[in-house]
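Chemist: Chain order of the listed sequences is A, B, C and D. Reading the first sequence from the start, the letters are residues 0 to 224 in numbering that gives the first Met the number 0. Reading the second sequence from the start, the letters are residues 0 to 224 in numbering that gives the first Met the number 0. Reading the third sequence from the start, the letters are residues 0 to 224 in numbering that gives the first Met the number 0. Reading the fourth sequence from the start, the letters are residues 0 to 224 in numbering that gives the first Met the number 0. Where is the CB? At the ideal position from N, CA and C, for every residue including glycine.
There are 4 protein chains.
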Amino acid sequence: MPSSSLSPRKSPVQARAVETRRRILDAAARVFSRHGYAAGTTNRIAAEAGLSIGSLYQYFPNKDAILVALVRTHMDDGAAAVGAAAVEARHLPLDDLTSRARLVVDAFVDVHAGDPALHQVLFEQAPRPPELLAELRALEDAAVAVAVELLPVADRGTTARATTARVVVTTIESLVHRLIATTEPAMPVDDVRREVTAVVVRYLSADPGALDPSSRRSSKRSVEK
Amino acid sequence: MPSSSLSPRKSPVQARAVETRRRILDAAARVFSRHGYAAGTTNRIAAEAGLSIGSLYQYFPNKDAILVALVRTHMDDGAAAVGAAAVEARHLPLDDLTSRARLVVDAFVDVHAGDPALHQVLFEQAPRPPELLAELRALEDAAVAVAVELLPVADRGTTARATTARVVVTTIESLVHRLIATTEPAMPVDDVRREVTAVVVRYLSADPGALDPSSRRSSKRSVEK
Amino acid sequence: MPSSSLSPRKSPVQARAVETRRRILDAAARVFSRHGYAAGTTNRIAAEAGLSIGSLYQYFPNKDAILVALVRTHMDDGAAAVGAAAVEARHLPLDDLTSRARLVVDAFVDVHAGDPALHQVLFEQAPRPPELLAELRALEDAAVAVAVELLPVADRGTTARATTARVVVTTIESLVHRLIATTEPAMPVDDVRREVTAVVVRYLSADPGALDPSSRRSSKRSVEK
Amino acid sequence: MPSSSLSPRKSPVQARAVETRRRILDAAARVFSRHGYAAGTTNRIAAEAGLSIGSLYQYFPNKDAILVALVRTHMDDGAAAVGAAAVEARHLPLDDLTSRARLVVDAFVDVHAGDPALHQVLFEQAPRPPELLAELRALEDAAVAVAVELLPVADRGTTARATTARVVVTTIESLVHRLIATTEPAMPVDDVRREVTAVVVRYLSADPGALDPSSRRSSKRSVEK
DNA sequence: AATGAATGAGCCTTCATTCAT
DNA sequence: GATGAATGAAGGCTCATTCAT
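#1: Check whether the Cβ of Ser51 of chain C sits closer than 7 Å to any heavy atom of the ligand GDP, and report yes or no.
#2: Does Ser173 of chain A come within less than 8 Å of chain B when only Cβ atoms are used?
#3: What are the residues of the region 146-172 of chain A that lie near chain B, defined by any Cβ-Cβ distance shorter than 8 Å?
#4: Does the beta-carbon of Ala133 of chain C have 16 or more other beta-carbons within 10 angstroms, so that it is buried, or is it exposed?
#5: To which residues of the same chain is Gln119 of chain B closer than 8 Å at the C-beta, ignoring the five residues directly before and after it?
#6: Quick one: is Ser173 of chain C buried, meaning 16 or more other Cβ sit within 10 Å of its Cβ, or exposed?
#7: State the beta-bridge partners of Arg20 of chain C as determined by DSSP.
#8: Let me see if you follow: with CB-CB separation under 8 Å, is Gly35 of chain B close to chain A or not?
#9: Would you verify that the beta carbon of Pro212 of chain D is, or is not, closer than 8 Å to some beta carbon of chain C?
#10: If we call anything under 8 Å between Cβ atoms a contact, is Leu203 of chain B one with Leu150 of chain B?
#11: What is the rounded straight-line gap between the Cα of Gly49 of chain C and the Cα of Arg20 of chain A?
#12: To the nearest whole angstrom, what separates the beta carbons of Ala26 of chain B and Arg201 of chain A, a pair I think is in contact under 8 Å?
#13: Among the candidates A:Val86, A:Asp114, A:Val143, A:His176, whose CA atom is the shortest distance from the CA of Arg165 of chain A?
#14: Please go through the region 126-200 of chain C and give each complete alpha helix (DSSP H) segment of 4 or more residues, from N-terminal end onward.
#15: Taking Cβ-Cβ distances shorter than 8 Å, what residues in chain D pair up with Ser54 of chain C?
#16: What in chain D is Cβ-close to Asp63 of chain C, meaning under 7 Å?
#17: If you measure between the beta carbons of Arg193 of chain D and Thr157 of chain C, is that distance less than 8 Å?
#18: Since Pro126 of chain D meets chain C, which of its residues come closer than 7 Å, beta carbon to beta carbon?
#19: Please compile the residues from chain A whose C-beta is within a distance smaller than 9 Å of the C-beta of Ala205 of chain B.
#20: Determine the chain C residues that contact Asp114 of chain D at a beta-carbon separation under 7 Å, and present them in chain order.
#21: Excluding the five sequence neighbours on either side, which residues of its own chain have a C-beta within less than 8 Å of the C-beta of Asp105 of chain C, listed in chain order?
#22: Measuring only between beta-carbons, confirm whether Met186 of chain C sits less than 8 Å from chain D.
#23: Taking DSSP as the reference, what is the three-state secondary structure of Asp63 of chain A?
#24: Find the nearest neighbour of Asp63 of chain D within the set D:Asp94, D:Ile44, D:Ala78, D:Asp75, judged by alpha-carbon distance.
#25: Since Phe59 of chain C and Ile65 of chain C are thought to touch, with beta carbons under 8 Å apart, how far apart are those beta carbons, to the nearest angstrom?
#26: Three-state secondary structure (DSSP) at Pro115 of chain C?
#27: Could you check if Ala79 of chain D is buried or exposed, using at least 16 other CB atoms within 10 Å of its CB as the buried criterion?
#28: Distance cutoff 8 Å, beta carbons only. Does Asp109 of chain D sit that close to anything in chain C?
#29: Using C-beta distances below 7 Å, list every residue in its chain close to Glu87 of chain D, excluding the 5 sequence neighbours before and after it, in chain order.
#30: Does the beta-carbon distance from Thr97 of chain C to Thr196 of chain C come in below 8 Å?
#31: Note down the Cα distance separating His90 of chain D from Asp190 of chain D, rounded to an integer number of angstroms.
#32: Note down the Cα distance separating Arg22 of chain C from Gly82 of chain D, rounded to an integer number of angstroms.
#33: Does Asp76 of chain D have its Cβ less than 8 Å from a Cβ in chain C?
#34: How is Ser204 of chain D classed by DSSP in three states: helix, strand or coil?
#35: Look at Val175 of chain B and Phe107 of chain B and say whether their C-beta atoms are less than 8 Å apart.
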């Protein structure tokens with residue numbers, strides 16, 4: 000009945016429900032991050048959210064749904080961040096590969112730096128339903144498409160463009176993830192940004208002619224020497 | 000009770016025990032690979048090993064010990080394979096970076112290609128005790144040390160040698176793992192070998208002067224130049 | 000507060016309450032019929048009635064009360080229908096047993112044919128409180144009394160009149176119920192009417208002398224006779 | 000290792016397992032009989048059997064399996080008892096309908112008299128899987144077949160033989176069940192035996208010509224007479 | 001009176017682990 | 001040493017019921 004309200008907000012009921020949902024998700028993030036997936040029990044999550052177990056199940060049909068919601072949130076956030084970076088990158092000169100890559104890498108780093116432990120749980124430890132896996136793959140495909148367009152990804156000798164693009168995307172993703180998630184003498188985030196960018200840019204910049212690693216024995220000549 | 004100094008063999012009893020241990024570990028590998036960690040129950044492992052659950056517990060104090068043993072085995076195998084590759088690589092000329100890197104990358108690929116699903120379980124999905132994580136880290140440190148010695152890892156501008164070396168090691172590890180373990184249109188193993196090698200070699204070969212990604216905007220000027 | 004003695008109607012408020020009660024009961028009937036007692040949750044009933052769960056609990060103190068109300072309704076309906084049939088039957092000649100029985104059987108069939116699944120839930124599946132069971136028994140006793148009066152139930156050899164009457168009532172009840180509720184190649188309702196009537200009539204009509212099943216072996220001789 | 004035992008019993012292990020199974024089933028029978036299906040929790044059954052809940056689940060995969068086992072047992076027992084009675088009945092002269100019927104009725108009574116409350120739970124209250132229902136129907140069909148053969152079931156006017164046979168079977172079943180299961184002033188079992196037999200025999204013996212209840216209004220004329 | 005979010009006891013089930021044989 | 005039946009803590013989840021709004 001918000002007949003003349005300027006802010007077309009959700010009705011109180013819904014607004015509260017939305018907030019409770021958030022609270023559960025936040026609690027789940029904390030619990031999963033701390034205890035991992037298996038030990039992140041629904042009871043613990045409910046307690047952490049300050050709710051009864053029954054209430055939790057009024058918002059999510061089962062434990063997996065909570066996980067999926069969390070994964071989707073992070074996927075969306077990641078896609079948004081990287082997408083924004085890509086848009087920004089397009090405004091930079093085509094030949095300034097470093098700056099372009101850096102923008103994208105930074106987005107990835109920001110996404111991962113938030114809660115590495117949670118990321119670990121969400122994307123490695125927990126059993127994700129096939130459908131979610133498919134979405135994840137689709138997202139990566141989209142990222143590959145962006146990479147092709149954004150970076151000068153060309154066939155280089157034996158290597159097809161698609162392969163190069165996928166290597167680029169996978170490198171950024173996995174390297175950032177590993178460098179940040181791997182505990183202990185954590186690498187300073189700035190170093191991560193700089194080095195991952197370097198890895199990608201150099202991979203793409205190398206003069207194919209001077210540096211063909213296509214066959215294990217291409218080095219033959221130097222060996223003969 | 001080594002009866003003769005010439006035959007340092009284990010007594011029959013011990014030998015049998017060792018073999019049973021192996022059987023359990025092999026069974027666990029198969030079970031974890033197929034079902035994941037959580038669904039890889041001790042009973043299933045015992046059944047797969049053709050043992051009673053009681054017997055299994057005479058060889059391992061608990062489920063975690065099985066996992067740890069498995070992880071250690073794979074760590075050792077990996078270390079051996081990479082170590083052997085490193086030894087071989089040392090015989091190649093210092094400037095044939097590609098061949099040297101390729102040798103190491105191949106070792107990593109071989110280690111991962113065997114049973115990607117198991118690797119996933121052992122190194123991502125299962126909750127590993129802190130002590131094991133420490134060992135893992137030590138192993139990586141050793142790998143970094145080898146990398147420093149084996150590859151022409153030098154300080155490049157802002158980047159300390161240790162950082163470069165760690166990036167190299169992490170890149171190989173995570174990229175190979177991801178490229179092989181990530182299901183679906185799996186990348187041909189040969190492509191993986193070639194491209195990972197390329198990534199590493201180019202990262203290390205780039206002329207530091209011409210390609211300094213140290214600051215996000217520094218590149219602009221070089222472009223204008 | 001009946002404002003006028005001429006209109007013994009309930010006040011609007013009460014009338015509405017009565018109607019809401021009805022709505023709940025109807026909804027419960029549908030839900031129990033479809034899902035059974037256990038799966039017929041109060042929330043489902045409330046939803047089916049277009050009410051909030053809170054409102055439902057303003058009309059019934061608990062789930063069992065709903066069931067009891069439903070059972071009572073059906074008991075009353077049944078009693079009314081059978082009672083009416085009995086009244087009508089009394090107008091038929093005493094010796095037209097078939098018509099008299101048929102009238103009663105038809106009443107039973109009509110009662111059961113309406114919603115067999117619901118009947119099943121109400122009278123077999125759901126746990127009925129002892130007090131309700133007592134009412135049920137009382138009702139049956141009444142039916143027995145009617146049977147004694149309506150049908151020529153007389154002592155027959157070893158069998159007391161009360162027993163015969165109870166057998167008649169139970170036969171009609173259970174046979175109609177079973178023949179109609181038992182799924183699958185359901186027997187046509189008309190066959191049910193005819194056969195159940197036949198069972199009862201023949202049971203009551205048989206020449207007691209010619210057909211004494213009182214002892215297992217006594218019959219042999221009578222056959223020989 | 001029962002190499003030379005005269006009684007080819009199951010090995011100790013199996014024998015014990017079989018006995019434990021029995022204990023669980025017996026406990027379940029008592030618990031279901033006392034508390035009904037819903038309130039007959041697996042924990043209660045385990046406790047009643049003097050076992051831990053874990054052990055119970057080593058013998059039955061879930062609660063329903065226990066119910067099904069119980070139902071099957073009773074179906075088998077019933078089929079055996081009735082079958083034996085049928086065999087015995089066949090040795091009686093064809094025209095001694097009463098004795099033949101009595102034999103069968105007695106079998107039914109014996110089956111039901113054991114634990115009426117449990118029967119109620121097993122065959123009315125509990126949710127039985129469709130597959131079990133199918134078996135139940137098959138069993139009834141078999142019973143109908145036996146009835147056709149055993150008793151002089153012939154077409155009588157409007158009524159097909161199949162209908163008559165089914166009515167006979169259903170009458171015995173439902174009447175015995177109801178007469179015995181219905182609590183309180185329980186009818187003496189001997190009365191049940193005698194009267195149910197009478198109902199069936201008279202249903203089958205009546206002179207079809209003299210007693211045709213085929214149409215509701217056929218009686219009108221006789222009234223007018 | 002109505003609403004529906006919240007509650008929590010309790011259910012079914014799993015599985016690592018123990019221990020009598 | 002081997003066996004496998006037994007154990008029971010703990011987990012995911014449901015649903016009748018309450019209560020603040």
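Modeler: According to the structure data:
#1: The model on display carries no ligand, and the ligand GDP is accordingly not part of it.
#2: The sequence position of residue 173 of chain A within the first sequence is 174, counting from 1. So, interface residue.
#3: Thr157, Thr158, Thr162, Thr163, Arg165, Val166, Thr169, Thr170, Glu172
#4: Translated into the one-based positions of the third sequence, residue 133 of chain C becomes position 134. Ala133 of chain C should be labelled exposed.
#5: On the second sequence, residue 119 of chain B is found 120 positions in, with the first residue counted as 1. Closer than 8 Å at the Cβ level, and outside the excluded window around Gln119 of chain B, lie Ala180.
#6: As a working note, residue 173 of chain C is residue 174 in the third sequence. With 16 or more other Cβ atoms within 10 Å, it is buried.
#7: By one-based count along the third sequence, residue 20 of chain C stands at place 21. Note: Arg20 of chain C sits in no beta bridge, so no partner.
#8: As a first step, residue 35 of chain B is located in the second sequence; it is residue number 36 there, counting from the start. By this cut-off, Gly35 of chain B is an interface position.
#9: Mapped onto the fourth sequence, residue 212 of chain D falls at position 213. In this prediction, Pro212 of chain D has a pLDDT of 42, which is less than 50 and means its spatial position is unreliable; what the coordinates show is noted afterwards. So, interface residue.
#10: Start at 1 with the first residue of the second sequence, and residue 203 of chain B comes out as number 204. Start at 1 with the first residue of the second sequence, and residue 150 of chain B comes out as number 151. Going by C-beta atoms, Leu203 of chain B is nearer than 8 Å to Leu150 of chain B.
#11: As a first step, residue 49 of chain C is located in the third sequence; it is residue number 50 there, counting from the start. As a first step, residue 20 of chain A is located in the first sequence; it is residue number 21 there, counting from the start. Distance between the alpha carbons of Gly49 of chain C and Arg20 of chain A: 25 Å.
#12: On the second sequence, position 27 is the one that residue 26 of chain B refers to. On the first sequence, position 202 is the one that residue 201 of chain A refers to. With a Cβ gap of about 45 Å, Ala26 of chain B and Arg201 of chain A do not count as contacting.
#13: Indexing the first sequence from 1 puts residue 165 of chain A at position 166. Per the Cα distances, A:Val143.
#14: 129-149, 160-180
#15: Mapped onto the third sequence, residue 54 of chain C falls at position 55. Within chain D, no residue comes near Ser54 of chain C; the closest Cβ sits about 26 Å away, beyond 8 Å.
#16: Indexing the third sequence from 1 puts residue 63 of chain C at position 64. The premise fails here: Asp63 of chain C is roughly 12 Å from chain D at the closest Cβ pair, so nothing lies under 7 Å.
#17: Start at 1 with the first residue of the fourth sequence, and residue 193 of chain D comes out as number 194. Start at 1 with the first residue of the third sequence, and residue 157 of chain C comes out as number 158. Yes, they are a contact pair.
#18: Working through the fourth sequence from its first residue, we reach residue 126 of chain D at position 127. Going along chain C in sequence order, the residues near Pro126 of chain D (Cβ under 7 Å) are Gly35.
#19: Stepping through the second sequence from its first residue, residue 205 of chain B is reached at position 206. Here the neighbours are Ala197, Val200, Arg201, Ser204, Ala205.
#20: Working through the fourth sequence from its first residue, we reach residue 114 of chain D at position 115. Chain C residues near Asp114 of chain D: none, gap ~17 Å exceeds 7 Å.
#21: Counting from one through the third sequence, the residue named residue 105 of chain C turns up at place 106. Counting only Cβ-Cβ distances below 8 Å, and skipping sequence neighbours, we find Ala84, Arg192.
#22: Your numbering for residue 186 of chain C matches position 187 in the third sequence. It does; some Cβ of chain D falls within 8 Å.
#23: Here residue 63 of chain A refers to the residue found at position 64 when the first sequence is read from its first residue. Reduced to three states, the DSSP call for Asp63 of chain A is helix.
#24: As a position in the fourth sequence, residue 63 of chain D is number 64, starting the count at 1. For the residues D:Asp94, D:Ile44, D:Ala78, D:Asp75, the minimum Cα distance to Asp63 of chain D belongs to D:Ile44.
#25: The residue labelled residue 59 of chain C in the question sits at position 60 within the third sequence. The residue labelled residue 65 of chain C in the question sits at position 66 within the third sequence. Sure, about 5 Å apart at Cβ, within 8 Å.
#26: Taking the third sequence and counting its residues from 1, one reaches residue 115 of chain C at position 116. The answer is helix: DSSP assigns Pro115 of chain C an H, G or I state.
#27: Counting from one through the fourth sequence, the residue named residue 79 of chain D turns up at place 80. Burial call: exposed.
#28: Sequence index remark: in the fourth sequence, residue 109 of chain D carries index 110 (1-based). No, Asp109 of chain D does not count as interfacial toward chain C.
#29: Looking up residue 87 of chain D in the fourth sequence gives position 88. Taken in chain order, the residues that qualify are Leu102.
#30: The count along the third sequence starts at 1 and reaches residue 97 of chain C at position 98. The count along the third sequence starts at 1 and reaches residue 196 of chain C at position 197. A contact, by the Cβ cut-off of 8 Å.
#31: The residue given as residue 90 of chain D occupies position 91 in the fourth sequence. The residue given as residue 190 of chain D occupies position 191 in the fourth sequence. His90 of chain D and Asp190 of chain D: Cα-Cα distance of roughly 25 Å.
#32: One-based indexing of the third sequence puts residue 22 of chain C at position 23. One-based indexing of the fourth sequence puts residue 82 of chain D at position 83. Whole-angstrom Cα-Cα distance: 50 Å.
#33: As a first step, residue 76 of chain D is located in the fourth sequence; it is residue number 77 there, counting from the start. Not an interface residue.
#34: Locating residue 204 of chain D in the fourth sequence gives position 205, where the first residue counts as 1. Reduced to three states, the DSSP call for Ser204 of chain D is helix.
#35: For the purposes of this step, residue 175 of chain B is taken as the residue at position 176 of the second sequence. For the purposes of this step, residue 107 of chain B is taken as the residue at position 108 of the second sequence. Contact flag set, yes.
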